[in-house]
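Asks: Heads up: the sequence lines are chains Z and W, in that order.
Everything in the first sequence is counted per my numbering, starting at 1 for the first residue and increasing by one.
Everything in the second sequence is counted per my numbering, starting at 1001 for the first residue and increasing by one.
Glycine is no exception: its CB is placed at the ideal position from the N, C-alpha and C atoms.
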Amino acid sequence: MASNKIDEAQCLLRYVAPARLRRDEDNNVVGVLPEAFALRPAKGNQPAEKYLSATWVGYFAGIRNDQIAQAVRAVRASNLKVKTTSGFAAGTVKDITGGCESMNIKIRVLHEPEDDNKAHSAVRGWPMENEELLALMANELWSEVVLNADVPP
Amino acid sequence: MSAIQAVAAMRTMPGANGQSARAMPQDSISEFHGSMPGTSADATSAVRTTMEERLFQSSANFKILTSMVAMHLPVEWREKMFQQIDTLLDAEQWESDDAPPTVFSARTFLRLILALNSSVRPGLGASHDGNLIAAWTKGKNRLTVECLGGDRLKWSVVREAPDRESVDRIVGATGLGRFVSQLAPYRPEIWFTSGEQ
C-alpha cells in the first residue's frame, strides 16, 4: 500500500457518528465529543483499530468548501455506512500534530489510499488511550464540524 | 423489571409523593439502588436479538430507571430528556458496531443528574462500548462526562479563566461521590444555570 506524508498545511476530515456529535440540551449540534477521536478497541473477532482514519481534503481540487464537499461525498461512496444525521470534523495537520507534540506524542499523517476512498489518510501513532488528547482535539484543534445533511449529494 | 415493578420500586423511594422537585437529597441519591431493569437480558441480548431490539431495550431501561426518580425531575425536563434519548438511540442512526448504552451506565447517568441538580439538561452522546456521555456547552466552556457503570465517571473540562485570556483544561476519572467537589474550582454554575453568566 502506497503511503505519503501529508503536508502540515493540509486539512483532514474525520467521520463522526451521530452519537459522537456534541449536542446541546435541545439536540442542536455544537461540536464533537472527545470519543469521536478514540480508536475502536478489539471486540469479538474484530481487532482493535491501529490508526485513526480520516479523509485528506487536499486530495480534491477547488476552494476549501468544494474540497470538503467532495471529501464528504468520497466518504459516502466508500464502504462506510454514513448516517444521515452524522457529521465530520475538520482540522489541519499542523494543529493535530502540534497538539500531539505538546503531549510528547509523535504521530505521522499519511495518505493511504484505499480502493473505496482514494483520499483516505491514516493518522499513525495515535494512542489507544489518552483522554487529554481526545479532549484537546474535540474541544479545540480538530473541532470544526460539517454536518452530513448540509452537504448536497 | 416490568413497569409495574418499577412503579412499586418508585413508591419505596424516599420522598416519593408524585410531585416534581428539583433537588434530590444526597441520602436519596445513595438509596437509588433499585433493581436494575434488564440486567439479566443485557448479557445475552447481543446474540439473541437484533440491534433495533437492543436499542429499544436500552431506551426502555433508561425510562424505567428514570421513572424511579421521576419525582425529582420536572415533567417537562423528563419528557425532553426522553426525546433526547430516543434521538440518540434511533436505530436508523446508530452505528452497528456500537454497543447500546448499558443499564449500568444509565444508572450512573441518572445519579449524576440528580447529584448535579442542574437546571440545564446535558446534550447526550454515547461511547463505542455502551456508555452514555453527558455534555454541557457554554461557548468555549465545555464539560463532558462519560458515565461508566458503578458510579464511575470519566470527565473533561475546558473553562475560560476569569480574565478570558486563557483557558484551564483538565481531565479526570473519579467516582460520582467526589465529582461535585472536584468540579467546584471550575465554577460549574456556568453549565448548570440557564441564561448568561
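Name the chain W residues that come within less than 7 angstroms of Asp24 (chain Z), Cβ to Cβ?
Replies: Gly1123, Thr1137
Asks: DSSP three-state label for Asn104 (chain Z), please.
Replies: coil
Asks: Using a cut-off of 7 angstroms between C-beta atoms, extract the partners of Arg1142 (chain W) located in chain Z.
Replies: Asn139
Asks: Which residues mark the beginning and the end of the beta strand (DSSP E) in which Arg1159 (chain W) is found?
Replies: 1152-1160
Asks: Indicate the three-state DSSP secondary structure (helix, strand or coil) for Phe88 (chain Z) in the structure shown.
Replies: strand
Asks: For Asn130 (chain Z), which of helix, strand or coil comes out of DSSP?
Replies: In the three-state DSSP reduction, Asn130 (chain Z) falls in the coil class, being neither helix nor strand.
Asks: With a threshold of 7 angstroms on Cβ separation, who are the neighbours of Ser78 (chain Z) within its own chain once the five nearest residues in sequence on each side are excluded?
Replies: Asp116, Asn117
Asks: I want to see whether chain W comes within less than 9 angstroms of Leu136 (chain Z), judged by CB atoms only; does it?
Replies: yes
Asks: Could you tell me the alpha carbon to alpha carbon distance between Asp1090 (chain W) and Ala1099 (chain W), rounded to whole angstroms?
Replies: 13 angstroms
Asks: Can you have a look at Met128 (chain Z) and say buried or exposed, based on whether 16 or more other CB atoms are within 10 angstroms of its CB?
Replies: exposed
Asks: Helix, strand or coil for Val1007 (chain W)? Go by DSSP, reduced to three states.
Replies: Confidence in Val1007 (chain W) is poor, its pLDDT being 31 and thus under 50, which makes the residue's placement unreliable; the coordinate value appears in the next sentence. Of the three classes helix, strand and coil, the one that applies to Val1007 (chain W) here is helix, per DSSP.
Asks: Does DSSP classify Asn139 (chain Z) as helix, strand or coil?
Replies: helix
Asks: List, in order along the chain, the chain Z residues whose C-beta lies closer than 9 angstroms to that of Gln1093 (chain W)?
Replies: Ala17, Pro18, Ala19, Lys83, Thr84, Thr85, Ser86
Asks: If the cut-off is 8 angstroms on Cβ atoms, which residues from the segment 1058-1087 of chain W count as contacting chain B, listed in chain order?
Replies: Of the protein chains in this structure, namely Z and W, none is chain B.
Asks: How about Leu75 (chain Z) and Phe88 (chain Z): are their beta carbons less than 9 angstroms apart?
Replies: A small fix is needed here, since residue 75 (chain Z) is Val in this sequence, not Leu. Yes; because the gap between Cβ atoms is below 9 angstroms, this pair is in contact.
Asks: Using CA atoms only, rank isn't needed, just tell me which of Z:Val29, Z:Val151, Z:Leu13 is closest to Trp56 (chain Z).
Replies: Z:Leu13
Asks: Could you tell me which chain Z residues have their CB closer than 9 angstroms to the CB of Arg1164 (chain W), listed as they occur along the chain?
Replies: Under the 9 angstroms cutoff, chain Z gives no residues; its nearest Cβ is about 15 angstroms from Arg1164 (chain W).
Asks: Please state whether the Cβ-Cβ distance between Pro18 (chain Z) and Gln1083 (chain W) is less than 9 angstroms.
Replies: No, they are not a contact pair.
Asks: Let's see if you can read the secondary structure: which residues bound the beta strand (DSSP E) around Ala12 (chain Z)?
Replies: One point to set straight first is that residue 12 (chain Z) is Leu, not Ala, in the sequence displayed. Residues 11-16.
Asks: So, helix, strand or coil for Glu1079 (chain W), using DSSP?
Replies: helix
Asks: Can you tell me the Cα-Cα spacing of Gly62 (chain Z) and Asp7 (chain Z), whole angstroms?
Replies: 17 angstroms
Asks: Please name the residue in W:His1072, W:Thr1102, W:Val1075, W:Ser1096 whose C-alpha comes closest to that of Ala1060 (chain W).
Replies: Minimum Cα distance to Ala1060 (chain W) is reached at W:Thr1102.
Asks: Could you name the residues of chain Z that Val1103 (chain W) contacts, counting a contact when the two beta carbons are closer than 8 angstroms?
Replies: By Cβ distance, chain Z contributes nothing, its closest Cβ being about 17 angstroms from Val1103 (chain W), past 8 angstroms.
Asks: What residue range is occupied by the uninterrupted beta strand (DSSP E) comprising Trp1136 (chain W)?
Replies: Per DSSP, Trp1136 (chain W) is one residue of the beta strand (DSSP E) stretching across 1132-1138.
Asks: What are the uninterrupted segments assigned as beta strand (DSSP E) that are 3 or more residues long and contained completely in the segment 47-83 of chain Z, given in chain order?
Replies: Counting whole runs of 3 or more residues, the segment 47-83 of chain Z contains the beta strand (DSSP E) stretches 51-56.
Asks: Measure the C-alpha to C-alpha separation of Ala1106 (chain W) and Asn65 (chain Z) and round it to an integer number of angstroms.
Replies: 39 angstroms
Asks: Looking at Ala1126 (chain W) and Glu35 (chain Z), is the spacing between their C-beta atoms short of 9 angstroms?
Replies: yes
Asks: For Val145 (chain Z), which of helix, strand or coil comes out of DSSP?
Replies: strand
Asks: If we define contact as Cβ-Cβ less than 9 angstroms, is Phe1179 (chain W) a contact residue for chain Z?
Replies: no
Asks: For Ile1170 (chain W), collect the residues of the same chain with a Cβ closer than 6 angstroms to its Cβ; drop the 5 residues on either side in sequence, then sort them by chain order.
Replies: Only residues of its own chain outside the window of five on either side were considered, and among them Val1157 have a CB closer than 6 angstroms to the CB of Ile1170 (chain W), listed in chain order.
Asks: Using a Cβ-Cβ cut-off of 9 angstroms, state whether Asp1098 (chain W) counts as contacting chain Z.
Replies: By this cut-off, Asp1098 (chain W) is an interface position.
Asks: State yes or no: is the beta carbon of Arg1054 (chain W) nearer than 9 angstroms to at least one beta carbon in chain Z?
Replies: no
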